[in-house]
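>
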Amino acid sequence: MAKFVCAFLLIIAMAFVIQVTYAGGEGSLRPEQCSSECDRRCSQTMYKERCLEFCNLCCAKCLCVPSGFYGHKEECPCYNNWKTKEGKPKCP
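What follows is the structure, given as structure tokens:
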């Protein structure tokens, strides 16, 4: 019985770690959440309209918006790796 309880607790702990590790990752958003996440992401830029345009485009494709106002793009590989024709990052 003790082995069963330990195994059960281990499974619960692993599920929690996986959820925390991948929370906010690629594919974690629903399309209707993109607008509010991009509003948050672009709230501190002086180029808000352009930021919102590209953020929403990227979110619709990747279903992910990195945390914070700048950087953290490693959280969303699709968002991070999408480039313009010139090879510059497409997503803000």
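For my numbering, count along the sequence shown from 1 and bump the result up by 53. Virtual Cβ for every residue (Gly too), placed ideally from N, Cα, C.
Sort out for me which residues DSSP pairs K136 with in a bridge.
The residue labelled residue 136 in the question sits at position 83 within the sequence shown. According to DSSP, K136 bridges with P142.
> Among the residues of its own chain, which have a CB less than 7 Å from the CB of E90, if the five just before and after it don't count?
For the purposes of this step, residue 90 is taken as the residue at position 37 of the sequence shown. Hits under 7 Å: L82, C112 and V118.
> Would C95 and P130 be called neighbours here (beta carbons separated by less than 8 Å)?
As a position in the sequence shown, residue 95 is number 42, starting the count at 1. As a position in the sequence shown, residue 130 is number 77, starting the count at 1. Not a contact, by the Cβ cut-off of 8 Å.
> Residues in the same chain with beta-carbon distance under 8 Å from F107, minus the five sequence neighbours each way, listed in chain order, please.
Here the question's residue 107 lines up with position 54 in the sequence shown. Answer for F107: K143, C144 and P145, listed in chain order.
> Using a Cβ-Cβ cutoff of less than 6 Å, which residues in the same chain neighbour F122 once the five nearest sequence positions on both sides are dropped?
Here residue 122 is taken as the residue at index 69 of the sequence shown, counted from 1. Hits under 6 Å: Q97.
> Mapping DSSP to helix, strand and coil, what is P130?
Reading the sequence shown from its first residue, position 77 is the one you call residue 130. In the structure shown, P130 sits in a helix (DSSP, three-state: H, G or I).
> For a test of the three-state rule: what should DSSP assign to F122, helix, strand or coil?
Walking along the sequence shown from the start, residue 122 turns up at place 69. Correct three-state label for F122: coil.
> At which residues does the alpha helix (DSSP H) containing S88 begin and terminate?
Taking the sequence shown and counting its residues from 1, one reaches residue 88 at position 35. Per DSSP, S88 belongs to the alpha helix (DSSP H) from C87 to R94.
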